[in-house]
Amino acid sequence: MTVSYDKLWKLLIDRKMNRTELKDAAGISFNVLAKMGRNEFVSMESLCKICSAMNCDIGDVMEFTNHETA
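Residue numbering for the sequence shown follows the working numbering, starting at -3 and increasing by one per position.
Printed below as a string of structure tokens:
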């Protein structure tokens, strides 16, 4: 099982935000964003900060997938 943050990237586009603005608003590190860009797992604390900053639920920013991505 893998994780995908495609929903977050689409949400950022819809809200006309870039990743740097998200990093600053949520108080997360660049390393967290880099991991998310590679669809790697990040801490629940980071996900909670993102959801709080974006005023959304965790299902709005990520999803689990059954296929491996190369």
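Think of the CB as a built atom: it goes at the ideal place given N, C-alpha and C, for glycine as much as any other residue.
Does the distance from the CB of residue i to the CB of residue j come in under 8 Å?
i          : j         : result
residue 19 : residue 8 : no
For residue i, count the other beta carbons within 10 Å of its own beta carbon; 16 or more makes it buried, fewer makes it exposed. Which is it?
i          : result
residue 40 : exposed
residue -3 : exposed
Thinking C-alpha only, which one of the options is nearest residue i?
i          : options        : result
residue 45 : 35, -3, 25, 10 : 25
residue 54 : 38, 62, 63     : 38
residue 49 : 59, 42, 22, 60 : 22
residue 4  : 63, 62, 35     : 35
residue 11 : 0, 52, 31, -1  : 52
Keeping to the same chain, check which residues put their C-beta closer than 6 Å to that of residue i; ignore five residues upstream and five downstream.
i          : result
residue 42 : 24, 28
residue 47 : 54
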